[in-house]
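Data first, discussion second: the structure below is written as structure tokens.
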Amino acid sequence: MRGKCAIVGLGVTEQGIGIGLEGRELRARAVDLALADAGLPRDAIDGYIRAHVAPEDLRHMGLSPNFSVSMMTGGATPVFAIVAAMALIEAGQAEVVACVYGEAQSAAAITGKPDIVSYGYGYPMLYGLLGAAATHAFHAQRHMHLYGTTSEHLGAVAVTQRDYAVARPGTLGFGKPLTLAEHQASPLITDPLRRYDCTRNTDGGVAVLVTSAGRARSLRARPVFILGAGTGHNIVNWHRGLVYENHDNVAPAKARALGQAGMTLDDIDMAQLYDPFTISPLMQLEAYGVVPEGHGGPFYAEGGARPDGAMPTNTGGGQLSAYYSTGFTGVAEAVLQLRGQAGAGQLHKAETSLVSGHGMNAGVQNTWAHACMILGRNP
Amino acid sequence: MSEQAQQKQQQHRLMAAIRQYGGDVADIPFWEGCEQGVFLLHRCNACGRHYWPASRCVEHGDHDMQWVEASGRGEVYTYTVMHRAYTPDKKDKVPFVIAVVQLREGPFYHSNIVDSAHDEVAIGMAVQVVMTPHESGLTIPQFRPADD
Ligand SMILES: [Zn+2]
Numbered sequence: 072m073r074g075k076c077a078i079v080g081l082g083v084t085e086q087g088i089g090i091g092l093e094g095r096e097l098r099a100r101a102v103d104l105a106l107a108d109a110g111l112p113r114d115a116i117d118g119y120i121r122a123h124v125a126p127e128d129l130r131h132m133g134l135s136p137n138f139s140v141s142m143m144t145g146g147a148t149p150v151f152a153i154v155a156a157m158a159l160i161e162a163g164q165a166e167v168v169a170c171v172y173g174e175a176q177s178a179a180a181i182t183g184k185p186d187i188v189s190y191g192y193g194y195p196m197l198y199g200l201l202g203a204a205a206t207h208a209f210h211a212q213r214h215m216h217l218y219g220t221t222s223e224h225l226g227a228v229a230v231t232q233r234d235y236a237v238a239r240p241g242t243l244g245f246g247k248p249l250t251l252a253e254h255q256a257s258p259l260i261t262d263p264l265r266r267y268d269c270t271r272n273t274d275g276g277v278a279v280l281v282t283s284a285g286r287a288r289s290l291r292a293r294p295v296f297i298l299g300a301g302t303g304h305n306i307v308n309w310h311r312g313l314v315y316e317n318h319d320n321v322a323p324a325k326a327r328a329l330g331q332a333g334m335t336l337d338d339i340d341m342a343q344l345y346d347p348f349t350i351s352p353l354m355q356l357e358a359y360g361v362v363p364e365g366h367g368g369p370f371y372a373e374g375g376a377r378p379d380g381a382m383p384t385n386t387g388g389g390q391l392s393a394y395y396s397t398g399f400t401g402v403a404e405a406v407l408q409l410r411g412q413a414g415a416g417q418l419h420k421a422e423t424s425l426v427s428g429h430g431m432n433a434g435v436q437n438t439w440a441h442a443c444m445i446l447g448r449n450p
Numbered sequence: 048m049s050e051q052a053q054q055k056q057q058q059h060r061l062m063a064a065i066r067q068y069g070g071d072v073a074d075i076p077f078w079e080g081c082e083q084g085v086f087l088l089h090r091c092n093a094c095g096r097h098y099w100p101a102s103r104c105v106e107h108g109d110h111d112m113q114w115v116e117a118s119g120r121g122e123v124y125t126y127t128v129m130h131r132a133y134t135p136d137k138k139d140k141v142p143f144v145i146a147v148v149q150l151r152e153g154p155f156y157h158s159n160i161v162d163s164a165h166d167e168v169a170i171g172m173a174v175q176v177v178m179t180p181h182e183s184g185l186t187i188p189q190f191r192p193a194d195d
């Protein structure tokens, strides 16, 4: 498993609010960019995974793969799609699999009439519960109760990530610093989450090309090797009555990913953790054992997630401050860092990265799928 | 469930209201109970585990699942104060509390906490059910501070 496959092409379109392109066009441009990045011809893509459930759009892209699959496990889909791509390559079903995302989320929110039931979590809508902010607020409130985590701690996550984005062109936060005082002054959306604890929907496309390590070496772009991967689903914590203490079911994902990579946490240089809300990377750092349970808040406040901290985290600004591509944000950032292409935000030590995804509205139990992978500069 | 029984369920008089608010057809007996002032939970008679919403037992599947009357009591496990209303019935009620109540029997129930100031709502607070009419036509359980 370790190092058998690699990411050899990355395409990231313009990302932002109201950029004026529809989802299909964003996906097509992301694929074009990924092909150009890899130096591969269009017909090299013989497998296509779209991170969404929707009709396929191959003709529009001029692609001719042997299969086209829609995949949806929420914000865990990008990592899961890459794992599936590896499996398909290993199974001899494809040589180059494109994992593609592209949605005009902000345009849909502005122009469309959102179907509110799809933002609901089942019957709690009778009580006014709608949207992922409230369901993540349940995690945050419980965390505060158990460990004394504060709104300032959540603010430290927002500010840390914004500081990364300030120096990164093309992000929502580029050149726009955020202070803790501004975070604290921002309105409560769903207590304890404030405006700056929440991501904003953005438009954009991302495509990632996965191929075998052997083929990767003959291509133009520096390969980023997939060293290990794992999954875990939070439904088990619902059954155990522990779903609110657990943002995700990280344990099995972590064990499998590190096991496949033959690594320990000490071997990980950075983390790109799915961050719809500030509480999310904070709780994942605890669940991965980067910090002891309950220490996520102080870790952020003391700079542990900054470039010179113990675990630089969401180093491109993350979804909170860069752009929201439903889980591809962290994948793209890890690839850039491991290739040494992160510009002013390039970390000095960037040999390996943990990347996670989280999500899926599964109803009242708001169970979150989780998938992670370890990417490396070397196989 | 037979096709006929399924069809009957779809035409249930409460179905439109349940659907409009994201509810599940499998929970119709629960909402019927609320109309009678009874708070039901779905219990596996094989092991005694209680479930909400309607579920298959993690151990025994659905071979002996039954709706049974429950205590309607529990503790606030976690909560949020919503400062925005997304559903029409809450437009003039912002801010309002949504809590996850851990019922004595074990399951979680998402509900509003009423008869209590927002800053008095706390994790661990003992609460009991109070049946309330909802604009959908359903009768819904809300929770208030427990008497004892
Ligand atoms: Zn049972």
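Chains A and B supply the protein sequences, listed in that same order.
Quick note: the first sequence uses my numbering, first residue 72, plus one each step.
Quick note: the second sequence uses my numbering, first residue 48, plus one each step.
Ideal placement from N, C-alpha and C gives every residue a C-beta, glycine not left out.
* **Beta-carbon proximity list for Gln59(A), same chain, < 8 Å, skipping 5 on both sides** => Here chain A comprises residues numbered 72 to 450, so residue 59(A) is not present and cannot be evaluated.
* Comparing the CB of Glu106(B) with every heavy atom of ligand 1, is any distance shorter than 7 Å? -> Along the second sequence, read from residue 1 onward, the residue named residue 106(B) stands at position 59. For Glu106(B), the CB falls within less than 7 Å of some heavy atom of ligand 1.
* Buried or exposed: where does Cys94(B) fall if 16 or more other Cβ atoms within 10 Å of its Cβ makes it buried? -> Position 47 of the second sequence, counting from 1, holds the residue named residue 94(B). The residue in question, Cys94(B), is exposed, as its Cβ has fewer than 16 Cβ neighbours within 10 Å.
* the region 403-414 of chain A in contact with the region 108-122 of chain A per 3-pair CB rule at 8 Å -> Short answer: they don't touch.
* Do the CB positions of Ala284(A) and Phe296(A) come within less than 8 Å of each other? -> What you label residue 284(A) is simply residue 213 of the first sequence in a count that begins at 1. What you label residue 296(A) is simply residue 225 of the first sequence in a count that begins at 1. It is a contact, given that the beta carbons lie within the stated cut-off.
* **Uninterrupted alpha helix (DSSP H) stretches inside the region 239-279 of chain A (no shorter than 4 residues)** => Every unbroken stretch of the alpha helix (DSSP H) spanning 4 or more residues and falling wholly within the region 239-279 of chain A is given here in chain order: 251-256.
* To do: Could you give the DSSP three-state label for Gln397(A): helix, strand or coil?
  => Indexing the first sequence from 1 puts residue 397(A) at position 326. Per the sequence shown, the amino acid found at residue 397(A) is Thr instead of Gln. The answer is coil: DSSP assigns Thr397(A) none of H, G, I, E or B.
* Out of Thr179(B), His181(B) and Val174(B), state which residue places its alpha-carbon closest to the alpha-carbon of Pro192(B). => Counting from 1 along the second sequence, the entry for residue 192(B) is found at position 145. The shortest Cα separation from Pro192(B) among Thr179(B), His181(B) and Val174(B) belongs to Val174(B).
* Keeping to the same chain, check which residues put their C-beta closer than 7 Å to that of Phe245(A); ignore five residues upstream and five downstream. => Translated into positions along the first sequence, residue 245(A) becomes position 174. Apart from the 5 residues on each side of it in sequence, Phe245(A) sits with its Cβ closer than 7 Å to the Cβ of Ala236, Val237 and Arg239 in its chain, given in chain order.
* Asked: Going along the chain, which residues of its own chain have a beta-carbon closer than 8 Å to the beta-carbon of Arg96(B), five neighbours each way excluded?
  -> As a position in the second sequence, residue 96(B) is number 49, starting the count at 1. Here the set comprises Arg90, Cys104, Val105, Glu106 and Gly153.
* To do: Can you grab the Cα-Cα spacing for the pair Ala64(B) / Gln436(A), in whole Å?
  => Here the question's residue 64(B) lines up with position 17 in the second sequence. Here the question's residue 436(A) lines up with position 365 in the first sequence. When rounded, the distance between both Cα atoms is 21 Å.
* To do: Check Met112(B) in the structure and name its three-state DSSP category.
  => To locate residue 112(B), count along the second sequence from 1; it is residue 65. Met112(B) falls in the strand class under three-state DSSP.
* Please list the partners that Val147(B) has in chain A, where partner means a Cβ-to-Cβ separation under 8 Å. => Your numbering for residue 147(B) matches position 100 in the second sequence. Correct list: Phe209 and Tyr315.
* Is Cys170(A) helix, strand or coil when you go by DSSP? -> Taking the first residue of the first sequence as 1, we reach residue 170(A) at position 99. Note: Cys170(A) maps to strand in three-state DSSP.
* Closer than 8 Å, Cβ to Cβ, to anything on chain A: give me those residues from the region 109-132 of chain B, in chain order. => Correct list: Tyr124, Thr125, Tyr126, Thr127, Val128, Met129, His130, Arg131 and Ala132.
* Nearest CA to the CA of Val140(A): which residue from Gly375(A), Tyr172(A) and Pro369(A)? -> Reading the first sequence from its first residue, position 69 is the one you call residue 140(A). Per the Cα distances, Tyr172(A).
* **Limits of the unbroken beta strand (DSSP E) element including Met341(A)** => Here residue 341(A) corresponds to residue number 270 of the first sequence, with the count starting at 1. Where Met341(A) is concerned, the enclosing beta strand (DSSP E) stretches over Met341 to Gln343.
* Asked: Looking at the C-beta of Pro100(B), does it have a partner C-beta in chain A at a distance below 8 Å?
  -> Residue numbering aside, residue 100(B) sits at position 53 when the second sequence is read from its first letter. At least one chain A Cβ lies under 8 Å of Pro100(B).
* Asked: Ordered along the chain, which non-local residues of its own chain (more than five positions away) have a Cβ less than 6 Å from that of Asp136(B)?
  -> As a first step, residue 136(B) must be located in the second sequence, where it is residue number 89. Closer than 6 Å at the Cβ level, and outside the excluded window around Asp136(B), lie Glu182.
* Looking at the structure shown, is Glu106(B) part of a helix, part of a strand, or coil, going by DSSP? -> Against the second sequence, residue 106(B) aligns to sequence position 59. It is coil, neither helix nor strand.
* CB of Gln206(A) within 8 Å of CB of Tyr192(A), strictly -> For the purposes of this step, residue 206(A) is taken as residue 135 along the first sequence, with counting starting at 1. For the purposes of this step, residue 192(A) is taken as residue 121 along the first sequence, with counting starting at 1. Per the sequence shown, the amino acid found at residue 206(A) is Thr instead of Gln. In this structure, the beta-carbon distance from Thr206(A) to Tyr192(A) falls below 8 Å.
* **Interfacial residues, the region 252-273 of chain A to chain B, with Cβ spacing under 9 Å** => Answer set for the region 252-273 of chain A: Pro258, Leu259, Ile260, Thr261, Asp262, Pro263 and Leu264.
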